[in-house]
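Student:
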Amino acid sequence: MKKLVRDKIPEFAHYATYRELSHAEIEPALKQKLTEETNEVLAAKTETNLIEELGDVYEVILAYLKFKNVDQATFLKQVKEKRALKGGFTKYLEMNWEEK
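All residue numbers for the sequence shown refer to my numbering, where the first residue is -9 and numbers rise by one.
#1: Which whole runs of the alpha helix (DSSP H) in the segment 3 to 86 are 4 residues long or more, in chain order?
#2: May I have the straight-line CA-CA distance separating Ala(-4) from Ser12, to the nearest angstrom?
#3: Let me confirm a value: Leu20 is counted as buried when at least 16 other C-beta atoms fall within 10 Å, else exposed. Which label applies?
#4: Between the beta-carbon of Val121 and the beta-carbon of Val50, is there less than 8 Å?
#5: Per DSSP, what kind of secondary structure is Glu88 in: helix, strand or coil?
#6: According to the Cβ coordinates, are Ile16 and Phe65 closer than 8 Å?
#7: Leaving out the 5 sequence neighbours to the left and right, which residues in its chain are closer than 6 Å to Leu55 when beta-carbon positions are compared?
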C-alpha cells in the first residue's frame, strides 16, 4: 500500500519504508490524499473526528498551495473575492433545476 503521509510519520511508524516523491509524483499524490481525507470527513461520526479530518483536508490544501507556489495570502484573497461576487455557503441554499 502506498500513500502520502505527514512529515513526522516516519518518526514513529517504523514498520514501513519511506521515500520522497519526485516532482511529477507530487500533484497526483496530493489529489489522491485530498480525496482520501474528504472521504474521511464524510465518514466522520463524532464532532472531534470531524474537526480532525477537516484539519487534515486543510493541511493537504496548504501543501497543494505550496506545491503550486501559491502563497496563502493570494489564495485567501481569491477566496474573499469569490465570496464577495457569488457569496459563501452560510445560507445553506439548495439549487433545483430541470435539465433540458
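Quick reminder that beta carbons are idealized off the backbone N, C-alpha and C, glycines included. This one's a predicted model, so the numbers in the text were calculated from it and none came from an experiment.
Tutor: In short:
#1: 13 to 33, 37 to 57 and 62 to 76
#2: The sequence given here has Arg at residue -4, not Ala. If you take the alpha carbons of Arg(-4) and Ser12, they lie about 16 Å apart.
#3: buried
#4: This structure leaves residue 121 out entirely; the chain is present only between -9 and 90.
#5: coil
#6: no
#7: Phe65
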